[in-house]
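In this text, residue positions in the sequence shown follow our numbering: the first is 815, and each later residue adds one.
All residues carry an ideal CB built from backbone N, CA and C; glycine is no exception.
Beneath this line is the structure, given in structure tokens, with notes to follow.
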Amino acid sequence: MDLPDYYETVARDVADFAAGAEGIWVDLGCGEGGVGLALARRCQAFVLFVDPDSAALREALESGREAGFARRIGALAGCAEQMPLASESVDLVVSRGSIFFWRDPIQGVREVYRILRPGGRAMIGGGLGSAYPKWARKEFMRRRRESIAREGPQALARFEEKRSPKTFRHIATEAGLPAFHIVGESDAPLDDPRADLGIWLQFSK
Ligand SMILES: C[S@@+](CC[C@H](N)C(=O)[O-])C[C@H]1O[C@@H](n2cnc3c(N)ncnc32)[C@H](O)[C@@H]1O
């Protein structure tokens, strides 16, 4: 059974978080650009895709051009730990499903803070969006956990630890963020409504 698309529901949460701000927005660890493209459909910001995978960046750009966004999308190859952007140069950073793969998430969060303009905002984590249907989230997570459990007994524990509020709090604190919010509890049991939001670190500068 196909599950509904989640990029639109994530983009809705990001747009709410942006609270009307526009400017330059970065989709960090964008992959093929699902979140950034959904944001381009919803908002007027310039969306900059950043990912170490050049082939994925090309796909993101191509899809964006086909959708008619050629004049307000761009792409830069690079990673979170060494962002290819000047300090205080962007208005919003969103990163979905990527921090779990960063070699050094603490350094990555420091870099995100560095590139934000004063007043800029960042939302880093993972999830399917608060309006994603509950039944589909449950099924999505059931499949995800089942496939990870096949990798071995420790894999599921590692997966959950990376997505726990405790780990996110540790990253934010060690990165030296002056203030932040952790939203969601994606390590909660599948039936627990606190898990619906996934897990996000939100902060502003
Ligand atoms: C699971 S994919 C998520 C892609 C996309 N954000 C989405 O929601 O579909 C993880 C992405 O993180 C990228 N990535 C891995 N290490 C990274 C790093 N150190 N900095 C930034 N992105 C990284 C990968 O290349 C990949 O595109």
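Item	Value
Burial state of residue 882, where buried means 16 or more other Cβ atoms lie within 10 Å	exposed
Residue 981 classed as buried or exposed, judged by whether at least 16 other C-beta atoms fall within 10 angstroms	buried
Beta-carbon contacts of residue 909 that lie in its chain and below 6 angstroms, excluding the five residues immediately before and after	842, 843 and 938
Pair within 8 angstroms by beta-carbon distance, residue 929 and residue 903	yes
C-alpha distance - residue 983 paired with residue 880, whole-angstrom precision	39 angstroms
Close Cβ partners of residue 832 (< 6 angstroms) along its chain, the five nearest in sequence each way excluded	906
For residue 987, the nearest candidate out of 962, 961 and 1016 (CA to CA)	1016
Reference residue 893; option with closest CA among 877, 901 and 925	925
Sequence-distant residues of the same chain with beta carbon closer than 6 angstroms to residue 946, five excluded per side	820 and 823
Cβ neighbour criterion (16 or more within 10 Å) applied to residue 827	buried
Continuous alpha helix (DSSP H) stretch holding residue 955: start and end	948-963
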